[in-house]
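Under this note's numbering, the first residue of the sequence shown carries the number 3, and numbering increases by one thereafter. Glycine included, every Cβ here is placed at the ideal spot set by N, Cα and C. Below is one structure; the comments refer to it alone.
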Amino acid sequence: MGNERRLVHNSQMHGRVNHSDSVPAVVANHSPTLAAHRTLVAYHLDHVTHWYGERLILHIESWKIPTGEIVALVGPSGAGKSTMLRLLNFLELPTTGNIYFQGGAVYNQTPIPIEIRRQVTMVFQRPMLLSTSVINNVAYGLRLRHRSDAHQVAMMALDQVGLTHLAQKPARTLSGGEAQRVALARAIVLNPRVLLLDEPTANLDPANVQLIEQTIVDLHQRCGTTIVLVTHNIFQARRIAQHATLLLEGHVVESTDVATFFDAPHDERTAAFVCGDMIY
Numbered sequence: 003m004g005n006e007r008r009l010v011h012n013s014q015m016h017g018r019v020n021h022s023d024s025v026p027a028v029v030a031n032h033s034p035t036l037a038a039h040r041t042l043v044a045y046h047l048d049h050v051t052h053w054y055g056e057r058l059i060l061h062i063e064s065w066k067i068p069t070g071e072i073v074a075l076v077g078p079s080g081a082g083k084s085t086m087l088r089l090l091n092f093l094e095l096p097t098t099g100n101i102y103f104q105g106g107a108v109y110n111q112t113p114i115p116i117e118i119r120r121q122v123t124m125v126f127q128r129p130m131l132l133s134t135s136v137i138n139n140v141a142y143g144l145r146l147r148h149r150s151d152a153h154q155v156a157m158m159a160l161d162q163v164g165l166t167h168l169a170q171k172p173a174r175t176l177s178g179g180e181a182q183r184v185a186l187a188r189a190i191v192l193n194p195r196v197l198l199l200d201e202p203t204a205n206l207d208p209a210n211v212q213l214i215e216q217t218i219v220d221l222h223q224r225c226g227t228t229i230v231l232v233t234h235n236i237f238q239a240r241r242i243a244q245h246a247t248l249l250l251e252g253h254v255v256e257s258t259d260v261a262t263f264f265d266a267p268h269d270e271r272t273a274a275f276v277c278g279d280m281i282y
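In structure tokens:
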């Protein structure tokens, strides 16, 4: 097992994040091929493996996540979906292989610069809220960025998830569905390039599921955010995603547009999975 751990960052921030002297130097390449790659691909995982001790969790030969689409990442429990999100969020590094982010150049330095990390935000299955008011939770990331309009922008985000009436309520008193909507508001208020969602509607009632799904769709339509959604709900994937990927035993089985994935999959394991058959 190799010890090389490499990640990639975007040498062109497209105006959302200011360049800083703290960002490592990258190899510039302005060829039409790379320019197209930057436009179309948010992430490219190239021969990536990830080990926990002696256990191989992920073995990805190649996986490209298209820019500006909602991508549903599906598969049985234990397939490696949550670990995949941790790699995409730069919380962990691959054991071997490369992760290209926004077409940037490869480098070996850690930790990942804050300018890169701030382009990606993640919402976990179990919302982790601060012991303060709802509005303070949503405004927290903005205040870390010294935004003078943090309160106003946070209230707008709460309006998007239908919770302005709970702005001053202690977060610890919220229901599970309300807490997840606050966590989603706290993520979208940062206007990330990439939003990672780890089963955001698991164990929620239908009303909260509908509200969260609508918020995700609205964000995508309004901002063109690249969204990677881990879900066990096949119907949800078909409802709101444009692209779907099946992960099985750490391998990408199939990754294609939703219509092909559900109606004419290329791999028999995908066909079995969408029909509800056991493929473990």
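CB residue i to CB residue j, shorter than 8 Å?
| i | j | result |
| --- | --- | --- |
| alanine 44 | valine 196 | yes |
| leucine 144 | valine 191 | yes |
| alanine 243 | isoleucine 72 | yes |
| alanine 185 | proline 129 | yes |
| valine 283 | leucine 89 | No answer is possible for residue 283: the residues shown for the chain start at 3 and end at 282. |
| isoleucine 67 | threonine 228 | yes |
| threonine 85 | threonine 51 | no |
| alanine 187 | alanine 159 | yes |
| valine 276 | tryptophan 65 | no |
| tryptophan 53 | isoleucine 59 | yes |
| alanine 169 | serine 135 | yes |
| alanine 239 | valine 76 | yes |
| alanine 173 | asparagine 139 | yes |
Check residue i in the structure and name its three-state DSSP category.
| i | result |
| --- | --- |
| phenylalanine 126 | coil |
| lysine 66 | strand |
| histidine 49 | strand |
| glycine 82 | coil |
| alanine 266 | coil |
| valine 76 | strand |
| isoleucine 229 | strand |
| threonine 97 | coil |
| valine 184 | helix |
| valine 43 | strand |
| phenylalanine 275 | helix |
| phenylalanine 103 | strand |
| valine 155 | helix |
| arginine 117 | The question names arginine, yet the displayed sequence has glutamate at residue 117. It is helical. |
| histidine 167 | helix |
| leucine 90 | helix |
| alanine 38 | Unreliable placement is indicated for alanine 38, whose pLDDT of 42 sits below 50; the coordinate value is still reported in the next sentence. Helix. |
| leucine 146 | helix |
| aspartate 261 | Checking the sequence shown, residue 261 turns out to be alanine, not aspartate. If DSSP states are grouped into helix, strand and coil, alanine 261 belongs with the helices. |
| isoleucine 242 | helix |
| isoleucine 236 | helix |
Name the one or two DSSP bridge partners that residue i has.
| i | result |
| --- | --- |
| alanine 141 | Beta-bridge pairing links alanine 141 to no other residue. |
| glutamate 256 | Leu248 |
| arginine 57 | Tyr54 |
| serine 135 | Pro172 |
So, is residue i buried or exposed, given that buried needs 16 or more other C-beta atoms within 10 angstroms?
| i | result |
| --- | --- |
| isoleucine 116 | exposed |
| glutamate 1 | Given a span of 3 to 282 for the chain in the structure shown, any question on residue 1 remains unanswerable. |
| phenylalanine 263 | buried |
| alanine 266 | exposed |
| alanine 274 | exposed |
| aspartate 200 | buried |
| phenylalanine 237 | exposed |
| glycine 105 | buried |
| glutamate 180 | buried |
| glycine 252 | buried |
| leucine 248 | buried |
| proline 194 | buried |
| glutamine 154 | exposed |
| proline 202 | buried |
| alanine 308 | Not covered by the structure: residue 308. The range shown for the chain is 3 to 282. |
Less than 7 Å between the CB of residue i and some heavy atom of the ligand MG, yes or no?
| i | result |
| --- | --- |
| methionine 86 | This structure simply doesn't include the ligand MG, nor any ligand for that matter. |
inquiry  = Extract the residue ranges of the alpha helix (DSSP H) inside the segment 194 to 226, only unbroken runs of 4 or more that lie entirely within it.
reply    = 208 to 225
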